[in-house]
Amino acid sequence: MGKTLFDKVWDAHVVTEIPGGNQVLYIDRHLIHEVTSPQAFNGLRRRELPLLRKDRIVATADHNVPTKDQDKPISEPLSAKQVRMLTENCAEFDVPLYGLGHPYQGIVHVIGPELGITRPGITMVCGDSHTSTHGAFGAVAFGIGTSQVEQVMATQCLLLTKPKKMRINVEGDLSPGVTAKDIILYVISKLGTGGGTGYFVEYAGSAIRALSMEGRMTICNMSIEMGARGGLIAPDQTTFDYLAGREFSPQGKDWEAAVAYWKTLPTDPDANFDVEHTYRAEEITPMVTYGTNPGMGMGVRESIPVSSDIHGAAGIAKAMKYMDLEAGKPIHELAIDYVFIGSCTNSRIEDLRAVVDLVGDKQVAPSVTAIVVPGSQQVAKQAIAEGLDQKLIAAGFEFRGAGCSACLGMNEDKVPAGKYCVSTSNRNFEGRQGPGARTILASPLTAAAAAITGKVTDVRDLLLQPA
Amino acid sequence: MTPFTTLSTTAVPLPIEDVDTDQIIPARFLKAVTRDGFGENLFRDWRFDKDGQMKEDFVLNNPLYRGEILVAGANFGCGSSREHAAWAIGDYGFRVVVSSYFADIFRGNALNNGILPLVVSPTLLDEIFKTIEADPQARFTVNLEAQTFKNETTGTVSTFDIDSYKKTCLINGYDDIDYLLSQRELIEKFEQERQDFSLV
Ligand code: SF4
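So the protein sequences, as listed, match chains A and B.
Numbering (this note's numbering) for the first sequence: 1 to 467.
Numbering (this note's numbering) for the second sequence: 1 to 200.
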């Protein structure tokens with residue numbers, strides 16, 4: 001019987017199997033950031049262990065960094081301390097660090113791919129659940145806890161049971177105004193936040209193959225929001241074209257050999273999945289979330305369900321109380337206060353270009369605070385080179401420095417209690433963007449549309465308007 | 001890691017589904033650089049309002065409910081991979097979390113910290129909630145060696161699954177790193193023998 005892409009990559013990294021079904025899995029690449037690494041470094045020191053492979057680990061600072069005045073010291077003392085600890089730990093253990101001020105600094109899941117550290121066929125981990133992003137390249141990439149960060153530092157391996165396999169096919173063509181973000185919000189709204197638990201998901205089908213690498217990363221990024229261990233997409237010419245010539249991509253003969261290997265990775269036609277779902281791209285409309293988990297999503301024109309197959313009435317009622325919304329009613333045209341365009345889901349150059357294109361010469365509504373936060377210094381640099389920053393500023397957006405920003409209430413960028421924020425990030429949990437903040441997840445296009453109108457908006461209405 | 005064998009205790013009910021780790025420990029409390037003290041902020045925004053006043057209606061603030069077992073709705077621990085969630089639960093004093101299923105990363109993090117994520121059927125979960133509702137002092141007994149969970153009120157004994165390796169780790173207080181370090185030679189052999197396209 002044939003093998004799936006996931007089988008091929010996973011099985012090639014099994015060092016040994018132990019009784020009870022656990023396998024020792026070799027990890028090729030380890031990314032670390034300031035929040036989930038200090039206790040791991042402490043563990044190494046306590047056990048007097050060295051870092052096993054320094055050529056396989058890369059560090060950056062992203063969660064705690066301010067996105068304004070990045071050249072000045074971090075004002076919040078605890079954030080400053082965590083970032084300083086990362087710097088000290090990396091110096092002591094000789095880990096390459098792309099910290100604040102470094103031209104490669106940025107959100108860990110943005111910099112891995114753009115530097116060519118992420119690539120097909122590898123195993124990759126980070127103490128961060130959105131490590132699933134890197135699966136867009138056909139890597140087996142997944143988030144781990146801090147104890148596991150320490151295990152990888154000390155042994156370059158993890159003890160795991162192999163997850164089951166799911167394939168999600170999206171066939172057909174996306175309609176105008178519908179993006180990769182809408183695909184994944186749609187899928188999660190069908191499967192729920194627990195629908196992928198225990199599985200590694202392969203995304204396939206013509207609508208997935210048609211996506212750029214940026215779009216594929218957006219899809220894989222949110223695999224964790226349906227509970228999947230990770231998501232991945234078969235590498236193809238789009239993948240190779242993206243990686244060619246990147247800072248750490250293989251060169252010359254090595255590149256040829258690597259591409260030849262990568263071409264062997266896609267799922268064999270006779271391979272089996274434990275579960276398979278198929279959706280039609282034409283059925284997907286611009287999506288928004290109405291509740292307090294990413295599974296509570298719907299088409300922007302739909303009404304909030306009172307209950308659904310996935311969410312019981314009690315769960316929706318609890319979410320409605322937090323969101324101050326009413327089940328049975330639509331949220332189209334709901335007045336909003338903030339727009340956040342950023343996070344490891346949607347902060348890449350293509351996202352910024354899409355926003356600028358949509359905004360054109362329109363202005364951000366006076367009632368809205370809209371911020372655009374590029375995912376990395378390199379994205380920021382590219383945006384500036386293309387003049388995107390000036391266009392955004394002229395339209396009334398703030399253009400910030402790279403970091404996780406308002407995706408999570410850990411740095412200075414927060415949404416105040418009770419305010420509505422249309423956000424391109426990945427989580428609308430209670431308090432995620434700050435205590436009491438109300439998050440509506442959406443694509444960059446839908447977020448930009450909301451910034452202009454000051455309301456939850458069907459972006460297709462703006463696309464139809466004559467220029 | 002503290003070894004785990006048996007436990008007989010009252011339980012705290014949290015009949016909410018999809019409890020995410022942002023609720024278990026909000027991001028603003030992730031700035032510590034050690035593993036200690038997270039229990040204080042367990043379920044912070046459900047326990048306290050924005051002025052730091054206790055929310056009377058939250059179960060952890062109700063003196064009727066105490067114990068080392070937390071019983072929660074399906075899909076407990078979804079969302080962020082922060083191990084701080086497991087640290088907060090352990091530091092607060094829970095040794096077992098019972099649910100009908102757990103998010104994968106949380107389950108792994110709990111096991112790596114000597115906390116048992118105990119999976120029961122949805123029907124049994126309902127029964128447990130009903131038992132606690134009828135009597136907050138109801139006791140439950142977990143026997144890891146025998147892999148049994150007993151509702152002392154109804155007398156229902158159920159068995160639960162756990163892989164044999166993880167079971168040994170919990171009973172002896174070992175963690176994965178001890179095991180992986182013992183595999184050093186195999187790991188180095190693997191590195192030498194394979195064709196590696198990850199670094200070139
Ligand atoms: S952008 Fe948000 S989801 Fe992504 S790594 Fe940062 S905090 Fe996590």
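Think of the CB as a built atom: it goes at the ideal place given N, C-alpha and C, for glycine as much as any other residue.
On a predicted model such as this, the values are computed, not experimentally measured, just so you know.
Chain B contact for residue i (CB, 7 Å cutoff)
i, result
"Ala258/A", "yes"
"Asn346/A", "no"
"Ser189/A", "no"
"Phe429/A", "yes"
"Pro38/A", "yes"
"Gln433/A", "no"
"Arg229/A", "yes"
"Ala394/A", "no"
"Gln376/A", "Correcting the residue type first, residue 376/A is Ser in the shown sequence and not Gln. So no, Ser376/A is outside the interface."
"Gln151/A", "yes"
"Pro176/A", "no"
"Asn272/A", "no"
"Asp458/A", "no"
"Thr60/A", "no"
"Pro250/A", "yes"
"Asn293/A", "yes"
Contact with chain A by residue i, beta-carbon distance below 7 Å
i, result
"Pro26/B", "yes"
"Asp49/B", "no"
"Val200/B", "yes"
"Ser164/B", "yes"
"Ile171/B", "no"
"Arg35/B", "yes"
"Asp20/B", "yes"
"Ile105/B", "yes"
"Glu145/B", "no"
"Phe76/B", "no"
"Phe38/B", "no"
Closest Cα partner of residue i within the set the options
i, options, result
"Leu490/A", "Lys72/A, Glu114/A, Thr146/A, Gln151/A", "The question about residue 490/A has no answer, for chain A in this structure spans 1 to 467."
"Pro366/A", "Gly454/A, Asn346/A, Cys126/A", "Gly454/A"
"Gly99/A", "Glu76/A, Asp71/A, Pro77/A", "Asp71/A"
"Phe397/A", "Leu352/A, Asp128/A, Gly312/A", "Leu352/A"
"Pro269/A", "Ala317/A, Ala234/A, Arg400/A, Glu302/A", "Ala234/A"
"Lys181/A", "Leu160/A, Lys165/A, Glu214/A", "Glu214/A"
"Gly143/A", "Thr238/A, Thr446/A, Ile27/A", "Ile27/A"
"Val359/A", "Ala449/A, Gly205/A, Arg280/A", "Ala449/A"
"Gly127/A", "Ile284/A, Lys162/A, Ala59/A, Arg432/A", "Ala59/A"
"Gly37/B", "Ala103/B, Ala85/B, Thr159/B, Glu193/B", "Ala85/B"
"Pro103/A", "Asn272/A, Arg119/A, Glu247/A", "Glu247/A"
"Thr424/A", "Gly177/A, Pro96/A, Ala406/A", "Ala406/A"
"Pro163/A", "Gln183/B, Ala72/B, Val98/B, Gly108/B", "Gly108/B"
"Val259/A", "Thr238/A, Met217/A, Phe6/A", "Thr238/A"
Rounded separation between residue i and residue j - CA only
i, j, result
"Leu181/B", "Gln23/A", "14 Å"
"Gly195/A", "Gly227/A", "6 Å"
"Thr264/A", "Gly172/A", "25 Å"
"Phe140/B", "Leu116/B", "14 Å"
"Trp470/A", "Asn89/A", "Since the first residue shown for chain A is 1 and the last is 467, residue 470/A is missing from the structure and cannot be characterised."
"Thr148/B", "Thr10/B", "16 Å"
"Thr2/B", "Glu282/A", "54 Å"
"Thr6/B", "Tyr174/B", "17 Å"
"Phe94/B", "Leu144/B", "15 Å"
"Ile16/B", "Arg44/B", "16 Å"
"Lys381/A", "Ala61/A", "18 Å"
"Asp49/B", "Lys55/B", "6 Å"
"Ser189/A", "Pro305/A", "12 Å"
"Phe20/B", "Cys78/B", "Position check: residue 20/B holds Asp in this sequence, whereas Phe was assumed. Answer to the nearest angstrom: the Cα atoms are 5 Å apart."
"Gly252/A", "Asp196/B", "16 Å"
"Thr154/B", "Asp57/B", "27 Å"
"Glu350/A", "Gln377/A", "15 Å"
Any non-hydrogen atom of the ligand PLP closer than 6 Å to residue i Cβ
i, result
"Leu30/B", "This structure does not include the ligand PLP; its bound ligands are the ligand SF4."
Rounded distance between the beta-carbons of residue j and residue i, thought under 8 Å
i, j, result
"Gly434/A", "Gly409/A", "4 Å"
"Arg400/A", "Ile371/A", "6 Å"
"Glu203/B", "Asn151/B", "The requested residue 203/B does not occur in the structure, where chain B is confined to residues 1 to 200."
"Thr155/A", "Ile105/B", "Contact doesn't hold; Cβ gap of about 19 Å is too wide."
"Lys468/A", "Ala447/A", "Residue 468/A is absent from the structure shown; chain A starts at 1 and stops at 467."
field: Residues of the stretch 42 to 71 of chain B whose Cβ lies closer than 8 Å to any Cβ of chain A, in chain order
entry: Asp45, Lys50
Contact set between the stretch 173 to 189 of chain B and chain A, restricted to residues whose Cβ is under 9 Å from the partner: Asp175, Asp176, Ile177, Tyr179, Leu180, Leu181, Gln183, Arg184, Leu186, Ile187, Lys189
message: Taking beta-carbon pairs under 8 Å, can you tell me which members of the stretch 7 to 32 of chain A lie near chain B?
response: Ala12, Val15, Thr16, Ile18, Pro19, Gly20, Gly21, Asn22, Val24, Tyr26, Asp28, Arg29
- prompt: For the stretch 74 to 85 of chain A, which residues have a CB atom closer than 8 Å to at least one CB atom of chain B, in sequence order?
  reply: Leu78, Ser79, Lys81, Gln82, Met85
message: Beta carbons nearer than 9 Å to chain B: which residues of the stretch 296 to 312 of chain A have them?
response: His311, Gly312
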